[in-house]
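S.K.: When you line the sequence shown up against numbering that gives the first Met the number 0, it's residues 0 to 342, in that order.
Ideal placement from N, C-alpha and C gives every residue a C-beta, glycine not left out.
Before we start, here is the structure in question, set down as C-alpha coordinates.
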Amino acid sequence: MATAIGLVRRKVLAPALDEVSFAARGFPPAPAGATRRLEAIPQSVVCGFEWGIEGSGLAEVERRVALVEEGMRGFAYEGVAMACTVLDAFAGGRGRRTRELLRGPAAPHLFLAYIGIGFAMTRLPRKLWKNVLPDLPETPLHPTMSWLAVDGYGFDLAYFRTRRWVDDQRVPAAHPWGGFPEYFPRAVDQGIGRALWFVHGAQVDAVAAAVRRFPVPRQADLWSGVGLAATFAGGCDSANLTALRGHSGAHADELGLGAVFAAKARTYAGFVPEETGIAVTALTDRTVAGAVALADRTEITEDSPELPAYELWRQRIRDGIADRQGDSSPPQPGSRSGVPTAR
(Lines of atoms letter the chains of each structure in order from A; the text may use other names.)
(Lines give C-alpha, C1' and ligand atoms only; values in the text may rest on other atoms or scores of the structure.)
Protein backbone atom coordinates (compact mmCIF):
# COMPACT_ATOMS: atom_id res chain seq x y z
CA MET A 0 0.00 0.00 0.00
CA ALA A 1 1.27 3.49 -0.86
CA THR A 2 2.41 5.67 2.01
CA ALA A 3 1.55 9.36 2.24
CA ILE A 4 5.19 10.37 1.82
CA GLY A 5 5.45 7.97 -1.10
CA LEU A 6 2.57 9.69 -2.84
CA VAL A 7 4.25 13.07 -2.35
CA ARG A 8 7.52 11.77 -3.79
CA ARG A 9 5.65 10.40 -6.79
CA LYS A 10 3.91 13.70 -7.49
CA VAL A 11 7.13 15.70 -7.19
CA LEU A 12 9.53 13.43 -9.09
CA ALA A 13 7.56 11.34 -11.57
CA PRO A 14 6.28 12.62 -14.92
CA ALA A 15 2.66 11.77 -15.64
CA LEU A 16 1.94 9.06 -18.18
CA ASP A 17 0.63 11.56 -20.71
CA GLU A 18 3.78 13.69 -20.35
CA VAL A 19 5.97 10.96 -21.85
CA SER A 20 3.80 10.43 -24.94
CA PHE A 21 5.20 11.43 -28.33
CA ALA A 22 2.50 14.07 -28.74
CA ALA A 23 3.31 15.67 -25.39
CA ARG A 24 7.04 15.66 -26.14
CA GLY A 25 6.50 16.99 -29.67
CA PHE A 26 7.99 13.86 -31.30
CA PRO A 27 6.67 12.60 -34.66
CA PRO A 28 4.76 9.31 -34.77
CA ALA A 29 6.74 6.18 -35.59
CA PRO A 30 6.31 4.42 -38.94
CA ALA A 31 3.75 1.70 -39.57
CA GLY A 32 1.76 2.41 -36.42
CA ALA A 33 4.61 1.57 -34.03
CA THR A 34 4.07 4.72 -31.96
CA ARG A 35 1.90 3.02 -29.35
CA ARG A 36 4.54 0.30 -28.87
CA LEU A 37 7.36 2.80 -28.48
CA GLU A 38 5.32 5.03 -26.17
CA ALA A 39 4.65 2.03 -23.95
CA ILE A 40 8.36 1.97 -23.09
CA PRO A 41 8.57 5.29 -21.19
CA GLN A 42 5.09 4.63 -19.80
CA SER A 43 6.32 1.34 -18.34
CA VAL A 44 9.25 3.20 -16.80
CA VAL A 45 6.87 5.71 -15.20
CA CYS A 46 4.71 2.91 -13.78
CA GLY A 47 7.77 1.19 -12.32
CA PHE A 48 8.95 4.45 -10.79
CA GLU A 49 5.57 5.10 -9.20
CA TRP A 50 5.49 1.61 -7.69
CA GLY A 51 9.01 1.95 -6.36
CA ILE A 52 8.85 5.50 -5.02
CA GLU A 53 5.78 4.77 -2.90
CA GLY A 54 8.05 2.92 -0.51
CA SER A 55 6.38 -0.47 -0.85
CA GLY A 56 8.47 -3.58 -0.20
CA LEU A 57 10.25 -5.35 -3.06
CA ALA A 58 7.86 -8.30 -2.87
CA GLU A 59 4.90 -6.05 -3.64
CA VAL A 60 6.79 -4.27 -6.41
CA GLU A 61 7.77 -7.61 -7.94
CA ARG A 62 4.14 -8.74 -7.98
CA ARG A 63 3.12 -5.56 -9.77
CA VAL A 64 5.87 -5.79 -12.38
CA ALA A 65 4.92 -9.42 -13.03
CA LEU A 66 1.61 -8.09 -14.41
CA VAL A 67 3.48 -6.12 -17.11
CA GLU A 68 3.83 -7.67 -20.56
CA GLU A 69 6.99 -9.80 -20.59
CA GLY A 70 8.82 -7.76 -23.20
CA MET A 71 8.19 -4.58 -21.20
CA ARG A 72 9.11 -5.79 -17.71
CA GLY A 73 12.71 -4.65 -18.02
CA PHE A 74 11.52 -1.11 -18.67
CA ALA A 75 9.32 -1.26 -15.59
CA TYR A 76 12.37 -2.31 -13.59
CA GLU A 77 14.19 0.71 -15.05
CA GLY A 78 11.62 2.83 -13.26
CA VAL A 79 11.84 0.81 -10.05
CA ALA A 80 15.64 1.15 -10.07
CA MET A 81 15.27 4.88 -10.59
CA ALA A 82 12.98 5.10 -7.56
CA CYS A 83 15.20 2.95 -5.35
CA THR A 84 18.22 5.05 -6.31
CA VAL A 85 16.46 8.26 -5.32
CA LEU A 86 15.35 6.78 -2.00
CA ASP A 87 18.85 5.45 -1.26
CA ALA A 88 20.51 8.75 -2.16
CA PHE A 89 18.43 10.63 0.36
CA ALA A 90 19.19 8.02 3.01
CA GLY A 91 22.68 9.47 3.35
CA GLY A 92 24.41 6.50 1.78
CA ARG A 93 22.73 4.05 4.16
CA GLY A 94 20.02 2.92 1.76
CA ARG A 95 20.11 -0.62 0.41
CA ARG A 96 17.02 -0.70 -1.78
CA THR A 97 18.88 -0.55 -5.09
CA ARG A 98 21.33 -3.26 -4.07
CA GLU A 99 18.56 -5.59 -2.98
CA LEU A 100 16.61 -4.86 -6.16
CA LEU A 101 19.56 -5.68 -8.43
CA ARG A 102 20.43 -8.79 -6.42
CA GLY A 103 16.81 -9.89 -6.41
CA PRO A 104 13.89 -9.43 -8.83
CA ALA A 105 15.69 -7.08 -11.22
CA ALA A 106 18.78 -9.30 -11.58
CA PRO A 107 17.79 -10.58 -15.06
CA HIS A 108 17.20 -6.97 -16.13
CA LEU A 109 20.56 -5.67 -14.91
CA PHE A 110 21.26 -3.73 -18.11
CA LEU A 111 18.04 -1.75 -17.89
CA ALA A 112 18.28 -1.35 -14.12
CA TYR A 113 21.59 0.44 -14.60
CA ILE A 114 19.86 2.77 -17.05
CA GLY A 115 17.22 3.46 -14.39
CA ILE A 116 19.99 4.53 -12.02
CA GLY A 117 20.98 7.05 -14.68
CA PHE A 118 17.43 8.37 -14.84
CA ALA A 119 17.67 9.05 -11.11
CA MET A 120 20.96 10.90 -11.60
CA THR A 121 19.22 13.63 -13.60
CA ARG A 122 17.05 14.30 -10.56
CA LEU A 123 19.84 14.27 -7.97
CA PRO A 124 22.59 16.78 -7.19
CA ARG A 125 25.95 15.58 -8.50
CA LYS A 126 27.33 15.50 -4.97
CA LEU A 127 24.98 12.56 -4.29
CA TRP A 128 26.12 10.53 -7.28
CA LYS A 129 28.93 8.89 -5.33
CA ASN A 130 26.31 6.81 -3.50
CA VAL A 131 24.08 5.78 -6.41
CA LEU A 132 25.91 2.67 -7.62
CA PRO A 133 25.45 -0.31 -5.29
CA ASP A 134 28.28 -2.70 -4.50
CA LEU A 135 27.55 -5.97 -6.34
CA PRO A 136 30.79 -7.97 -6.33
CA GLU A 137 29.03 -11.26 -7.00
CA THR A 138 27.02 -9.97 -9.98
CA PRO A 139 28.20 -10.79 -13.52
CA LEU A 140 29.11 -7.74 -15.63
CA HIS A 141 29.38 -5.48 -12.59
CA PRO A 142 30.83 -2.89 -12.57
CA THR A 143 31.73 -3.09 -16.28
CA MET A 144 28.21 -2.40 -17.51
CA SER A 145 27.53 0.26 -14.87
CA TRP A 146 28.43 2.77 -17.59
CA LEU A 147 24.87 2.17 -18.78
CA ALA A 148 23.86 4.40 -15.86
CA VAL A 149 25.66 7.27 -17.59
CA ASP A 150 23.97 6.23 -20.84
CA GLY A 151 20.62 6.45 -19.01
CA TYR A 152 21.53 9.89 -17.73
CA GLY A 153 22.17 11.03 -21.31
CA PHE A 154 18.93 9.47 -22.57
CA ASP A 155 16.88 11.23 -19.91
CA LEU A 156 18.48 14.60 -20.69
CA ALA A 157 17.75 14.26 -24.41
CA TYR A 158 14.21 12.89 -23.98
CA PHE A 159 12.98 15.53 -21.53
CA ARG A 160 15.25 18.49 -22.41
CA THR A 161 15.44 17.96 -26.14
CA ARG A 162 16.06 21.57 -27.11
CA ARG A 163 19.18 21.88 -24.97
CA TRP A 164 20.75 18.44 -25.48
CA VAL A 165 19.66 17.61 -29.05
CA ASP A 166 18.93 20.89 -30.81
CA ASP A 167 21.62 22.94 -29.06
CA GLN A 168 23.96 19.93 -28.71
CA ARG A 169 25.14 20.78 -25.23
CA VAL A 170 28.10 18.83 -23.88
CA PRO A 171 27.85 17.64 -20.26
CA ALA A 172 30.51 18.50 -17.75
CA ALA A 173 32.92 15.66 -17.03
CA HIS A 174 32.41 13.51 -13.95
CA PRO A 175 34.83 10.93 -12.52
CA TRP A 176 32.47 7.98 -13.02
CA GLY A 177 34.49 4.79 -12.61
CA GLY A 178 37.66 6.87 -12.44
CA PHE A 179 37.42 8.04 -16.07
CA PRO A 180 36.07 11.62 -16.18
CA GLU A 181 37.17 12.08 -19.78
CA TYR A 182 35.01 9.13 -20.89
CA PHE A 183 31.89 10.38 -19.12
CA PRO A 184 30.70 12.67 -22.01
CA ARG A 185 31.11 9.80 -24.48
CA ALA A 186 28.83 7.53 -22.45
CA VAL A 187 26.32 10.40 -22.20
CA ASP A 188 26.38 10.65 -26.00
CA GLN A 189 25.55 6.96 -26.27
CA GLY A 190 22.38 7.70 -24.28
CA ILE A 191 21.60 10.75 -26.39
CA GLY A 192 21.91 8.53 -29.48
CA ARG A 193 19.37 6.11 -27.98
CA ALA A 194 17.02 9.00 -27.32
CA LEU A 195 17.25 10.16 -30.94
CA TRP A 196 15.44 6.96 -31.94
CA PHE A 197 12.45 8.12 -29.88
CA VAL A 198 12.77 11.86 -30.48
CA HIS A 199 12.47 11.22 -34.23
CA GLY A 200 9.84 8.51 -33.99
CA ALA A 201 12.06 5.71 -35.35
CA GLN A 202 12.02 7.45 -38.75
CA VAL A 203 15.40 6.41 -40.06
CA ASP A 204 16.01 9.36 -42.39
CA ALA A 205 15.31 11.84 -39.60
CA VAL A 206 17.37 9.89 -37.06
CA ALA A 207 20.35 9.78 -39.41
CA ALA A 208 20.04 13.48 -40.20
CA ALA A 209 19.93 14.27 -36.48
CA VAL A 210 23.15 12.33 -35.85
CA ARG A 211 24.89 14.06 -38.75
CA ARG A 212 24.07 17.48 -37.29
CA PHE A 213 26.31 16.73 -34.33
CA PRO A 214 30.06 17.36 -34.53
CA VAL A 215 31.87 14.47 -36.23
CA PRO A 216 33.82 13.41 -33.09
CA ARG A 217 30.51 12.72 -31.30
CA GLN A 218 28.83 10.75 -34.06
CA ALA A 219 30.34 7.31 -33.40
CA ASP A 220 28.92 7.14 -29.88
CA LEU A 221 25.59 8.52 -31.07
CA TRP A 222 25.35 5.81 -33.73
CA SER A 223 26.00 3.06 -31.20
CA GLY A 224 23.12 4.43 -29.12
CA VAL A 225 20.87 4.46 -32.17
CA GLY A 226 21.74 0.82 -32.86
CA LEU A 227 20.93 -0.22 -29.31
CA ALA A 228 17.55 1.53 -29.37
CA ALA A 229 16.60 0.33 -32.84
CA THR A 230 17.29 -3.26 -31.78
CA PHE A 231 16.02 -3.31 -28.20
CA ALA A 232 13.04 -0.97 -28.54
CA GLY A 233 12.17 -1.81 -32.14
CA GLY A 234 9.82 0.33 -34.16
CA CYS A 235 10.58 -0.30 -37.83
CA ASP A 236 10.92 -3.12 -40.34
CA SER A 237 13.90 -4.83 -41.90
CA ALA A 238 13.93 -2.64 -45.00
CA ASN A 239 14.11 0.54 -42.93
CA LEU A 240 16.78 -0.96 -40.68
CA THR A 241 18.83 -1.77 -43.77
CA ALA A 242 18.39 1.84 -44.86
CA LEU A 243 19.52 2.97 -41.40
CA ARG A 244 22.67 0.91 -41.79
CA GLY A 245 23.31 2.58 -45.13
CA HIS A 246 22.88 6.00 -43.56
CA SER A 247 25.46 5.18 -40.89
CA GLY A 248 28.21 4.92 -43.52
CA ALA A 249 31.63 4.76 -41.89
CA HIS A 250 29.93 4.28 -38.52
CA ALA A 251 28.14 1.06 -39.49
CA ASP A 252 30.23 -0.91 -37.02
CA GLU A 253 29.19 1.41 -34.18
CA LEU A 254 25.55 0.92 -35.20
CA GLY A 255 26.12 -2.82 -35.14
CA LEU A 256 27.84 -2.56 -31.75
CA GLY A 257 24.64 -1.14 -30.29
CA ALA A 258 22.69 -4.01 -31.82
CA VAL A 259 25.04 -6.57 -30.26
CA PHE A 260 24.64 -5.03 -26.80
CA ALA A 261 20.87 -5.05 -27.28
CA ALA A 262 20.96 -8.73 -28.18
CA LYS A 263 23.09 -9.44 -25.13
CA ALA A 264 20.70 -7.52 -22.87
CA ARG A 265 17.59 -9.21 -24.25
CA THR A 266 19.15 -12.66 -23.92
CA TYR A 267 20.40 -11.91 -20.41
CA ALA A 268 16.84 -11.00 -19.43
CA GLY A 269 15.59 -14.30 -20.83
CA PHE A 270 13.19 -13.07 -23.49
CA VAL A 271 14.12 -12.18 -27.08
CA PRO A 272 11.28 -10.75 -29.22
CA GLU A 273 11.24 -11.65 -32.90
CA GLU A 274 11.88 -8.00 -33.84
CA THR A 275 15.20 -8.13 -31.98
CA GLY A 276 16.41 -10.91 -34.26
CA ILE A 277 15.27 -8.98 -37.33
CA ALA A 278 17.19 -5.89 -36.22
CA VAL A 279 20.35 -7.81 -35.29
CA THR A 280 20.44 -9.46 -38.71
CA ALA A 281 19.81 -6.19 -40.54
CA LEU A 282 22.46 -4.28 -38.62
CA THR A 283 25.17 -6.92 -38.11
CA ASP A 284 24.56 -9.81 -40.58
CA ARG A 285 24.35 -12.07 -37.53
CA THR A 286 21.67 -13.93 -35.66
CA VAL A 287 20.91 -13.13 -32.04
CA ALA A 288 22.89 -16.19 -31.00
CA GLY A 289 25.82 -15.09 -33.14
CA ALA A 290 25.73 -11.57 -31.75
CA VAL A 291 25.69 -12.85 -28.17
CA ALA A 292 28.54 -15.24 -28.95
CA LEU A 293 30.55 -12.29 -30.26
CA ALA A 294 29.84 -10.32 -27.08
CA ASP A 295 30.74 -13.27 -24.87
CA ARG A 296 34.05 -14.11 -26.54
CA THR A 297 35.22 -10.49 -26.54
CA GLU A 298 34.19 -9.67 -22.96
CA ILE A 299 36.80 -7.86 -20.90
CA THR A 300 36.51 -6.86 -17.25
CA GLU A 301 39.79 -5.08 -16.48
CA ASP A 302 40.23 -1.35 -17.05
CA SER A 303 43.31 -0.04 -18.82
CA PRO A 304 45.02 3.14 -17.60
CA GLU A 305 43.38 5.06 -20.44
CA LEU A 306 39.93 3.48 -20.87
CA PRO A 307 37.33 1.61 -18.81
CA ALA A 308 36.75 -2.08 -19.49
CA TYR A 309 33.33 -1.11 -20.88
CA GLU A 310 34.90 0.78 -23.80
CA LEU A 311 37.61 -1.83 -24.31
CA TRP A 312 34.85 -4.41 -24.66
CA ARG A 313 33.01 -2.16 -27.10
CA GLN A 314 36.15 -1.83 -29.20
CA ARG A 315 36.61 -5.59 -29.35
CA ILE A 316 32.99 -6.05 -30.42
CA ARG A 317 33.48 -3.44 -33.17
CA ASP A 318 36.54 -5.31 -34.35
CA GLY A 319 34.52 -8.53 -34.42
CA ILE A 320 31.76 -6.88 -36.46
CA ALA A 321 34.30 -5.43 -38.86
CA ASP A 322 35.64 -8.88 -39.80
CA ARG A 323 32.33 -9.44 -41.65
CA GLN A 324 32.42 -13.18 -41.00
CA GLY A 325 28.96 -13.28 -39.47
CA ASP A 326 27.92 -16.62 -38.00
CA SER A 327 26.05 -19.74 -38.93
CA SER A 328 23.93 -20.08 -35.80
CA PRO A 329 20.17 -20.45 -36.31
CA PRO A 330 17.92 -17.53 -35.30
CA GLN A 331 16.63 -17.62 -31.74
CA PRO A 332 13.34 -15.69 -31.54
CA GLY A 333 11.72 -16.15 -28.16
CA SER A 334 14.98 -17.51 -26.69
CA ARG A 335 15.21 -17.88 -22.93
CA SER A 336 18.88 -18.75 -22.66
CA GLY A 337 21.36 -16.91 -20.49
CA VAL A 338 19.03 -16.05 -17.62
CA PRO A 339 20.99 -15.24 -14.45
CA THR A 340 19.85 -16.59 -11.13
CA ALA A 341 18.30 -13.96 -8.88
CA ARG A 342 19.81 -13.94 -5.44
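If you measure between the beta carbons of G226 and G257, is that distance less than 7 Å?
M.R.: Result yes, Cβ atoms of G226 and G257 sit closer than 7 Å.
S.K.: In its own chain, which residues sit with a C-beta less than 6 Å from the C-beta of F343, not counting the 5 before and 5 after it?
M.R.: The question about residue 343 has no answer, for the chain in this structure spans 0 to 342.
S.K.: Check for me: the alpha helix (DSSP H) holding D150 runs from which residue to which?
M.R.: Note, D150: alpha helix (DSSP H), 146 to 159.
S.K.: Judging by CA-CA distance, which residue of A209, D167, V203, V149 is the nearest neighbour of R185?
M.R.: Looking at the Cα atoms, V149 is the closest of the given residues.
S.K.: Can you check whether the CB of A294 is closer than 7 Å to the CB of V259?
M.R.: In this structure, A294 lies closer than 7 Å to V259 by Cβ.
S.K.: Which residues mark the beginning and the end of the alpha helix (DSSP H) in which Q42 is found?
M.R.: Run containing Q42: 34 to 52, per the alpha helix (DSSP H) assignment.
S.K.: Does the Cβ-Cβ distance between T297 and G319 come in under 7 Å?
M.R.: Closer than 7 Å, so yes.
S.K.: Grouping DSSP H, G and I as helix and E and B as strand, with all else coil, what is V187?
M.R.: Helix.
S.K.: Determine the closest residue to L132 out of R96, A39, F159, V165, with distance taken between C-alpha atoms.
M.R.: Nearest C-alpha to L132: R96.
S.K.: Nearest to D155 by CA position, among A119, W146, M144, is which residue?
M.R.: Here the closest residue by C-alpha is A119.
S.K.: Could you tell me the alpha carbon to alpha carbon distance between G70 and D167, rounded to whole angstroms?
M.R.: Cα to Cα, G70 sits roughly 34 Å from D167.
S.K.: Taking the alpha carbon of I114 as the reference point, which residue from L135, G190, P142, E273 has its own alpha carbon closest?
M.R.: With distances taken between Cα atoms, I114 lies closest to G190.
S.K.: Excluding the 5 residues flanking A173 on each side, which residues of the same chain have their C-beta closer than 8 Å to its C-beta?
M.R.: Same-chain partners within the cutoff: P180, E181, F183, P184.
S.K.: Run the CB neighbour count on F343, radius 10 Å, all protein chains shown included, and call it buried at 16 or more, exposed below.
M.R.: One cannot answer for residue 343 here, as it falls past the ends of the chain, which runs 0 to 342.
S.K.: Pick helix, strand or coil for S327, following the three-state DSSP scheme.
M.R.: Residue confidence for S327 is low, a pLDDT of 45 falling below 50, so the modelled location carries little weight and cannot support an answer.
S.K.: By alpha-carbon positions, which one of L254, V279, M144 ends up nearest to A308?
M.R.: Closest by alpha carbon: M144.
S.K.: Excluding the five sequence neighbours on either side, which residues of its own chain have a C-beta within less than 8 Å of the C-beta of P349, listed in chain order?
M.R.: The question about residue 349 has no answer here: the residues shown for the chain are numbered 0 through 342.
S.K.: In three-state DSSP terms, what is D74?
M.R.: One detail in the question is off: residue 74 reads as Phe in this sequence, not Asp. Three-state DSSP puts F74 in a helix.
S.K.: Identify, in the order they occur along the chain, each residue of the same chain with its Cβ nearer than 7 Å to the Cβ of T261, setting aside the five sequence neighbours on each side.
M.R.: Before going further, note that residue 261 is Ala rather than Thr in the sequence given. L227, T230, F231, T275.
S.K.: Does the Cβ of A105 have 16 or more other Cβ atoms within 10 Å, making it buried, or fewer, making it exposed?
M.R.: Buried.
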